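Using this note's numbering, you'd call the opening residue of the sequence shown number 299 and step up by one each time.
Heads up, the beta-carbon is just placed ideally off N, CA and C, and yes, glycines get one too.
Small disclaimer: the values here were computed from a predicted structure and weren't measured.
Reading through the structure tokens given below for one structure.
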Amino acid sequence: MNALTRIDRGRPERDLRFPAHPIAGRAGAGLKHDHLPAIEAEPFAGGFFEVHAENYMGAGGPPHRILARIRRDYPLSVHGVGLSIGGPGRIDPDHLGRFRALVARSEPALVSEHLAWSTHAGICFNDLLPLPYNAASLAHVAAHVNEVQDAIGRPILLENPSTYVTFADATMSEADFIRALVRRTGCGVLLDLNNVFVSATNQGFAAADYIADFPLARVGEIHLAGHAVQADDEGEVLLIDSHDREVASPVWALFETVIARCGPIPTLIEWDSALPPWPVLRAEAQAAQAILDRHAAAGGHHAHG
299 MNALTRIDRG RPERDLRFPA HPIAGRAGAG LKHDHLPAIE AEPFAGGFFE VHAENYMGAG
359 GPPHRILARI RRDYPLSVHG VGLSIGGPGR IDPDHLGRFR ALVARSEPAL VSEHLAWSTH
419 AGICFNDLLP LPYNAASLAH VAAHVNEVQD AIGRPILLEN PSTYVTFADA TMSEADFIRA
479 LVRRTGCGVL LDLNNVFVSA TNQGFAAADY IADFPLARVG EIHLAGHAVQ ADDEGEVLLI
539 DSHDREVASP VWALFETVIA RCGPIPTLIE WDSALPPWPV LRAEAQAAQA ILDRHAAAGG
599 HHAHG
């Protein structure tokens, strides 16, 4: 039993539904409509696609038809960006209802959201904002995760954020916060390794130490992406989680470390702006697939969480 099916919070295990398309051990790419003609001309053999939920939560039309066509031929991952699970306010019931309908309609292999907040007092911010890791945050995030999981009838994966600041009122590390959250709610984790590297560089800790302390046994999906290199006001290196270029070498190295420990976890290449031609994005996914396949053949993996 893996992080996608384990329920561990002192409550009866919920009924889970699993789509027919297998996703274990596959590498995928974010679905971009500009790439559809190329994908149809040369199918993404052995891959999967991930979509941002909010792009497919309308009443119908071309997005629904496109998603149905992709879902027919490929495993699908639905990745939410707007539920504001990390915020102290209540989850918007209309947004959650549309999210639930999308999951029911598309029956994705994976469903995920972010450990972040994006709304406050009815205002929606076009960003994923961090939160302090303390008991108060843990309580409201756990309540929100349970609300989402109860609504869709299955566990979700929660993604670690990229961070640029720390909070004075934080009382636990990010890894400890996530570990407590998955124990309390039964959710899994989407481990974004670019976010780990970005946060480590910006805050001056070692990404390898973060991985060593992370609850890897709960990871159900991995994200890889590119980042931009800038400088802050003092001239220090500042990394931005930009999703606009190839995966950087240090992030590939982290990926090798995690897969060596955990085995072939479904892995997605994120590329959301400055889109390349489809063959470039597919090549990044194929590079990830080669690593997954190599470690699958080696076997003998274990992870502790």
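1. How far does the alpha helix (DSSP H) with I520 in it extend, from its first residue to its last?
2. Considering only the beta carbon of each residue, do E582 and I567 sit closer than 7 Å?
3. Determine whether the beta carbon atoms of P562 and A594 lie at a separation below 7 Å.
4. Work out the CA separation of F397 and R363 for me, nearest whole Å.
5. Where V494 and Q501 are concerned, what is the direct C-alpha to C-alpha distance, given to the nearest angstrom?
6. In the DSSP assignment, find the unbroken beta strand (DSSP E) run with I538 in it and report its ends.
7. Label R556 either buried or exposed according to how many other C-beta atoms from any shown protein chain fall within 10 Å of its C-beta, with 16 as the threshold for buried.
8. Any chance you could list the beta strand (DSSP E) runs of at least 3 consecutive residues sitting entirely within the stretch 564-597, in chain order?
9. What runs of the alpha helix (DSSP H), each 4 residues or longer, lie entirely inside the stretch 320-396?
10. What first and last residue would you give for the beta strand (DSSP E) that runs through L408?
11. Apart from the five residues just before and just after M299, which ones in its own chain have a Cβ nearer than 7 Å to its Cβ?
12. Who are the near neighbours of I450 in its chain, counting only those whose CB is closer than 8 Å to its CB and skipping five residues on each side?
13. With 16 as the cutoff for other CB atoms within 10 Å, does Y505 come out buried or exposed?
14. Buried or exposed, going by whether 16 or more other CB atoms sit within 10 Å of the CB of A466?
Put simply:
1. That residue, I520, is in no alpha helix (DSSP H); its beta strand (DSSP E) goes V517 to A523.
2. yes
3. yes
4. 17 Å
5. 11 Å
6. V535 to I538
7. It is worth fixing the name first, because residue 556 is Val in this sequence and not Arg. V556 should be labelled buried.
8. 565-568
9. 334-339 and 360-371
10. L408 to H412
11. With a pLDDT of 34 at M299, under the threshold of 50, the modelled position of that residue is not reliable, and the figure given next carries that caveat. Counting only Cβ-Cβ distances below 7 Å, and skipping sequence neighbours, we find nothing.
12. F397, R398, V401, A402 and V409
13. Sequence inspection shows Ala at residue 505; the Tyr mentioned does not correspond to that position. So A505 ends up on the buried side.
14. exposed
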